[in-house]
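If you read the sequence shown in the working numbering, its first letter stands for residue 55, the second for the next number, and so on.
Right, one structure below, let's go through it.
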Amino acid sequence: LRLFKPDFAPTEGMSVLAQGSLMVYPPRGQLQFVVEQLIPDGVGQYFLALEQLKQKLLQEGLFEVARKRPLPFFPRRVGVVTSREGAVWHDISTTLERRNPCVQLVLSPSPVQGPQATRGLIRALTILARANVEVVILARGGGSWEDLIAFNSEPLVRFLATYPLPVIAAIGHETDLSLVDQVADRRAPTPTAAAELVAPERDQLLRELNTIQGRMRQALAQRSQRQREILDSLSQRPCFLEPQRLFLEPRRFLDKLQNALREALRGRAEWERERWRQLESRLQPLQLLGKVQLQREQLRNLEARLRTALPRSLEMKRAELHEQRQMLQTLSPQRVLERGYALCLDDRGQLVTSVAGRKGHDQLEIRLADGRIQCVVEQVFSQSEDSSRD
């Protein structure tokens, strides 16, 4: 027996009805039963399992009203999932043709009962999800509770809960209530009622359009009347009865500004004339000649002072430069070496200032004033060792 996940929780000792296929493997003598549908045996046990599944889905929120989507007002393409041979397809197509022939129907046929029904319904719904439809009708005619088993299956209910399009369920008679009816976005008591839900009647739409048009005319007439009353009220105001009064105060203000501008221009012109007279008097030839003579005398004095100060400044700078050169020569490392000192460098060219880290066979370079000596360390003595030896 191959494991199968049922829609209910089977218990030990429960009688069940299993539908599937037998597979025989003669070389090993094996018999295998592939379960495709499993239901409790007996009406009571079936509805007990159905209630268990319903409560589980209810706790998960699959039947919440908040997750249900509104239907499109005027869909152009409507998908239908039902049996091709049944009367349901005929009822839906004739109803939509009568009410609104502009709606295009797309049938995705599927078995609606039997062990293959659940898988077929899911496949048909998947096809419609890619068929550019706006709403889907899932329908079948009436029947016994055994005929409606596929519409209470957990895989189909969960598939509809995540379906991307609004779904109208019309399963069985009005008294039949399947789990698919509860998870769908809308439930219709019959397939004909589902067709009426999905597309409003053409005559009804025309009546509603006429009603809306009448309301718009009435609203437009009322608005025009209100605007006309406002215009009449405004036309009776003094500013419109005597429009010349509107410009009286601005004209007075403009005259005042013109007078002020004339006075300002007159005062400005007088001030400019006075300023030009003063400039003219300052530029008299005798006064100008005296100022030029004074500036020429000051220039000669500055030239004499510059000729005297420049050589003195250069001499002071030369003395400072000679003093700095003498100081640099005194502090030169070469002068230190000439006084008998030496520099000790290791094999990396780093200055050796301590015996720390030195050991036998180290390569050292002794740099003197007149050359270099390459030497090898034979033994290292610290200052404390020399004192103890003495």
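Cβ coordinates follow ideal geometry from the N, Cα and C atoms, glycine included.
These numbers come from a predicted model, not from an experiment.
Cβ shell of residue i (< 7 Å), same chain only, five flanking positions each side left out
i: glutamine 236; result: Phe117
i: glutamate 250; result: Thr149 and Arg153
i: leucine 202; result: Ile225, Gly226, Asp230 and Ser232
i: serine 147; result: Leu159
i: asparagine 186; result: Arg131
i: cysteine 429; result: Leu418 and Ile420
As assigned by DSSP and simplified to three states, the class of residue i
i: phenylalanine 213; result: helix
i: glutamine 272; result: helix
i: glutamine 86; result: strand
i: glutamine 170; result: coil
i: glutamine 404; result: coil
i: leucine 116; result: coil
i: leucine 55; result: Its pLDDT being 41, under 50, leucine 55 is placed unreliably by the model, and nothing is read from it.
i: alanine 193; result: strand
i: leucine 343; result: helix
i: arginine 306; result: helix
i: arginine 320; result: helix
i: arginine 256; result: helix
i: arginine 241; result: strand
i: arginine 138; result: coil
Residue interval of the alpha helix (DSSP H) (run including residue i)
i: alanine 141; result: 141 to 153
i: leucine 391; result: 387 to 392
i: alanine 247; result: 245 to 252
i: leucine 233; result: 233 to 237
Environment of residue i [buried if 16+ CB atoms lie within 10 Å]
i: leucine 205; result: A small correction: the amino acid at residue 205 is phenylalanine; leucine does not occupy that position in the sequence shown. The residue is buried, with at least 16 neighbouring Cβ atoms inside 10 Å.
i: isoleucine 427; result: exposed
i: leucine 55; result: With a pLDDT of only 41 at leucine 55, under 50, the local geometry of the prediction cannot be trusted, and no value is derived from it.
i: tryptophan 143; result: buried
i: proline 80; result: exposed
i: tyrosine 217; result: buried
i: valine 493; result: Lying outside 55 to 444, the shown extent of the chain, residue 493 is not represented and no answer is given.
i: serine 198; result: exposed
i: isoleucine 191; result: buried
i: aspartate 286; result: exposed
i: threonine 51; result: This structure cannot speak to residue 51, because the chain is shown only from 55 to 444.
i: alanine 253; result: buried
i: glycine 174; result: buried
i: isoleucine 176; result: buried
i: alanine 178; result: buried
i: serine 207; result: buried
i: valine 431; result: exposed
CB-CB length for residue i against residue j, believed under 8 Å
i: valine 189; j: proline 129; result: 5 Å
i: alanine 193; j: threonine 136; result: 5 Å
i: serine 162; j: glycine 133; result: 6 Å
i: glycine 195; j: alanine 141; result: 6 Å
i: aspartate 239; j: lysine 108; result: The Cβ separation is near 18 Å, so there is no contact.
i: leucine 263; j: valine 234; result: About 35 Å separates the two Cβ atoms, so there is no contact after all.
i: glutamine 383; j: arginine 389; result: 7 Å
Span of the beta strand (DSSP E), counted from its first residue to its last, around residue i
i: leucine 422; result: 417 to 422
i: isoleucine 427; result: 425 to 430
i: alanine 223; result: 221 to 225
i: glutamine 73; result: 70 to 79
i: cysteine 398; result: 397 to 399
i: glycine 133; result: 131 to 135
i: valine 434; result: No beta strand (DSSP E) contains valine 434, which DSSP labels as neither H nor E.
i: valine 160; result: 158 to 161
Beta-carbon proximity list for residue i, same chain, < 8 Å, skipping 5 on both sides
i: leucine 405; result: Leu397, Cys398 and Leu399
i: valine 434; result: Val409, Arg412, Lys413 and Gly414
i: alanine 183; result: Tyr217, Pro218 and Leu219
i: alanine 314; result: none
i: proline 387; result: Leu397
Neighbourhood of residue i by C-beta distance below 6 Å, restricted to the same chain and skipping five residues each side
i: serine 436; result: Val409
i: proline 245; result: Val142, Asp145, Ile146, Ala193 and Ala224
i: arginine 282; result: none
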